[in-house]
Structures are given as structure tokens and as C-alpha cells.
Amino acid sequence: MAHTDALIAATTDNATTGISRRTLLLASCIGTAYALGAGALGAAERSNTTIATKETAMPIDDTSRVSFHTQQVGDVEVFYREAGRQDAPVLLLLHGFPSASHMFRDLMPLLADRYRLIAPDLPGFGNTKAPPRGQFDYTFENLYKVIESFTEALGLASYSMYVFDYGAPVGFRLAAANPHKVSAIISQNGNAYLEGFSDQWGQWQTYWREPTAANRQACRGSLSPQTIRDWQYGTGADPSKLSPDGYTLDIAYMARPGAEEIQLDLILDYRSNVAAYPRFHAYFRKHQPPLLAVWGKHDPAFIPPGAQAYRKDLPKADVHLLDAGHFALETHAPEIARYIGEFLSRTFKASA
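Residues 1 to 352 in the UniProt record's numbering are what the sequence shown spells out, letter by letter.
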């Protein structure tokens, strides 16, 4: 080969170079073998690349993929997550305090093969952009109005609702105002009865009765990283199943400028939800919406009697207690998804 001849020609004076013709031929053979091996390896790599490309090109079912969007509602830009087919029955997911739509991150892929799931961030939470205090009144009535307009902007003619914590009084206002649109309700530690309050509400209730600066300050401890992590998330939860992702993000949201004052406004206005309970009960009695109450029984804020109380106005309510805390989805998303799937399947069959 030309490469071998050149090497031999360049080294004809063996006395000078100290390298024999045999050595040069051996080196040439090694070089040729290396080149052949490299070529084979390159061919194998190209072959593997082709296989990987073919695998990548295989069709993928996108129904379980979560997408992220915004919808303008007046002065509020509502951020929301969505998964599932556009033509599937809608399940509206309303989060609680101090969280946002990320609390549904594990649930949505588990139900997206059957339902269109839509999870907005409420004003003052998560990635929804709303005017500051003074330009927007952070009350539960206004949160409900934004979500009502949000559903109208998306053209949601009918939907089931999953309500949790703060999402419950928002969702029940929505349902009472639009009973013809609500197909079913899933309440996961979403309270609507006095029986559901634990004995841990003392500071908030004092603030409701006497909204002084001192009582407002006393409620600030509810917003601390330790309270969010250890009390709201940690109480009654199996630590080996409790991911730090949820509470870490909630703590980060709470640390944003102005966030604490917005939350203290909503803590004060929570008394309006208690005042609205009779209206919610009247809606339940009149319209008898199918309801599933799936409850973390170790919730330090909303105790199991709150789940069972739904049967006072909805005798057919389906009630399940889980060995979980307040944020039951953090540890029991598969179990809750199964209950929801079975419940909605029965509900839709009965209405067909």
C-alpha cells in the first residue's frame, strides 16, 4: 500500500534509524488493522444511530403529555396545565393553599387517557400573573370570578371538578352559579362543613373576629417554610413517599415579594367561605351533584368528619379515607386516580 511503501522508503537507512524492515512492516500491519477496526466501529455506530433514529420515529401517544398555557382573563393572565384529548370529558382541577397547579403533576398523566384535565393557578398563586394588592382585591369571590371567566374563555360547556383546600370554596361558588355545567365533584380534603374544622384554627378564627394588625401578624407563622414543610405537608404523611418537590416550590412561591400579604388577605377572607356554607349546602340539596370525597384522614386542618358530612345533603356521596395527610396526592396519587376513574365511569354511565 502507498502508506506502507512511504514508511519503508523513509527508513531505508536502518543503521541510522535503528528500526528494522520487519519492525516497520509490523507497525504497518497494526496501523491497517486499527484502520479496519475503526471503520467497523464507525459502521456499528452508524448502525446503532440508525436503530435509535427508527426507535425515536416510532409513534408516541401524546394523551398523557402535560402541556402549559396561559389565558388572559381581564387583568389576570391565568397559567394552566392541560393533558388529555380535546374531545374528552373535562376535569377541572382547583388547587389549594399554599400550592398551585403543580400539585397535580402526578395525577394528570394517570387520568389523561380518559379525560381532558385542566389545572389553573389561582390569582396570587403559582405562575398566574395578577395585579398587585390595591389594584386587585384578593378575596375568594374574586378568585371564583376569575376561574368562571377562565372556563368561559376556554369554552368549557360542561366539566367535573376536583377541589382541594382553597379550591373547594372557589369551586363550590362556581358550581352554585353554574349548576347546569357541573357533571360531578371530587372533593379531596376540600371542606364545606363546620364539622370538618380541626382544633388548629384558633389564630385564624381570632383574626376573622378581630382583624387587627396584631392578629394579622399572629397568622404569619402559617406561611413559614417550617409550617409549610412540616405541618401542612408532613403531618400524617409517610416521609419515604413524600417528595420534597411540592413543598420546596410552595416555599419558593411564598418567598416572592408581596406574596405573604396576599395570603394574609385571603386568610382573613376565608371567613367568607364559612358564611357561604349554607349556600353551598342548598346547591347540594337542590341539584344533587354526584360527589366523591377522598380524604387524607391525618389532615391537621380538615378532619374526616368533614368528608362524612357531605352525606347530610348528598346521601349518595362516595366517601373514602386514605392513610395520608392534607396533601394526599403527594403520597397517594395512584390510589386517588383509581377512585376518580371508577367514580366518573359510574357517573357517566348513569347519566348516559
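No residue lacks a Cβ here, since even glycine has one placed at the ideal position from N, Cα and C.
Bounds of the beta strand (DSSP E) holding E77 are 76 to 83. Distance between H281 and V274, taken at the CA atoms: about 11 Å.
One alpha carbon belongs to F197, the other to N191, and they sit about 8 Å apart. Around the beta carbon of F68, a 10 Å sphere encloses fewer than 16 other beta carbons of the protein chains shown; the residue is thus reported as exposed. In this chain, the alpha helix (DSSP H) harbouring R173 covers 167 to 177. Rounded to whole angstroms, the gap between the alpha carbons of V170 and F140 is 6 Å. Approximately 4 Å separates the beta-carbon atoms of F164 and G96; this is inside 8 Å, confirming the contact. With three or more CB-CB distances shorter than 8 Å, the segment 173 to 192 counts as touching the segment 299 to 311. Taken atom to atom, the span from the alpha-carbon of N178 to that of G325 is near 31 Å.
DSSP places V163 inside the beta strand (DSSP E), whose first and last residues are 159 to 163.
With fewer than 16 other CB atoms across the displayed protein chains lying within 10 angstroms of its CB, G202 is exposed. Counted as a single uninterrupted DSSP element, the alpha helix (DSSP H) harbouring G341 occupies residues 329 to 351. Contact check for L143 and I118: beta-carbon distance about 16 Å, past the 8 Å limit, so the pair fails to qualify. Of the residues F348, S345, F327, the one whose Cα lies closest to the Cα of L107 is F327.
For G306, the uninterrupted alpha helix (DSSP H) run begins and ends at 305 to 308, by DSSP. By the 16-neighbour rule on beta-carbons within 10 angstroms, D61 is exposed.
Going by C-alpha positions, S64 is about 32 Å away from A301. Annotation: T70 to V76 spans about 10 Å, alpha carbon to alpha carbon. Per DSSP, reduced to three states, the secondary structure at K129 is strand.
Judged by DSSP secondary structure, P109 falls within the alpha helix (DSSP H) whose first and last residues are 108 to 111. Burial state of G258 is exposed, judged by a 10 Å Cβ sphere holding fewer than 16 other Cβ atoms. Non-local C-beta neighbours of Q263 in its own chain, meaning closer than 6 Å and more than five positions away in sequence, comprise L223, ordered along the chain. The three-state reading of DSSP puts S243 in coil, since its state is none of H, G, I, E or B. According to the DSSP assignment, G296 belongs to the beta strand (DSSP E) that extends over 291 to 296. Residue nearest to P123 within the set D265, Y162, Q217 is D265 (criterion: CA-CA distance). Less than 7 Å divides the Cβ of G296 from the Cβ of L322.
For D318, the three-state secondary structure derived from DSSP is strand. Taking C-alpha positions only, I251 is separated from F343 by approximately 33 Å.
Excluding sequence positions up to five before and after E195, its CB lies within less than 6 Å of the CB of P305, G306, A309, all in the same chain and listed in chain order. For P278 against A175, the beta-carbon gap comes to about 15 Å, at or over 8 Å, which does not count as contact. If you look at L264, you'll find it in the alpha helix (DSSP H) that goes 259 to 287. Per DSSP, the unbroken alpha helix (DSSP H) holding Q203 starts and ends at 202 to 209. Residue state for I60 is assigned as coil, using DSSP reduced to three classes. With contacts defined as CB atoms closer than 7 Å, V294 and Y339 qualify as a contacting pair.
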